[in-house]
């Protein structure tokens, strides 16, 4: 064999052992090459993973900044929302107060209107009564005037008769 010195006398079984050792050495060399390839593949994979980790870290940092920005923006929006809500609430309260005041004023005006309508009806009734009374008084006056006229005419006739009789006496 190649690695065995031919000058040395070989002991029985040495050749098999030597071949076994050489075979083991060859297997170990192959295993070492295989392990070296495996190590290189693992190192390359590790480098790829490290790049991916670094990229993920950068992406995560970007997302963290974006989250902080959005949280700040959310705080601003919430503050504005609360301000608007407070103003709206104040306007609603003011409007509610004004509406209740207007309702009270309308109710008051309705009562006044009702009183005025009643007074108007009473005045119309009074006017109708006064008109009837006036007509009755006018009729009575006309009747009295007619009576006085008749009495006057009667007296005038009687005075005319007396004066016509006076010259005859």
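Numbering (our numbering), first residue to last: 329 to 497.
Each residue gets a CB set at the ideal place from its N, CA and C atoms; glycine is no exception.
query	result
Could you have a look at residue 351 and say whether DSSP puts it in helix, strand or coil?	helix
Pick helix, strand or coil for residue 403, following the three-state DSSP scheme.	helix
Residue 469 to residue 480, Cα distance in whole Å?	16 Å
Grab me the residues of residue 390's own chain with a C-beta within less than 8 Å of its C-beta, minus the 5 sequence neighbours each way, in chain order.	none
Just how far apart, CA to CA, sit residue 471 and residue 435?	53 Å
By DSSP, does residue 390 sit in helix, in strand, or in coil?	helix
So, helix, strand or coil for residue 345, using DSSP?	helix
Between residue 424 and residue 405, what straight-line distance do the alpha-carbon atoms span, to the nearest angstrom?	28 Å
With DSSP collapsed to three states, give me the class of residue 471.	helix
Where residue 392 and residue 400 are concerned, what is the direct C-alpha to C-alpha distance, given to the nearest angstrom?	12 Å
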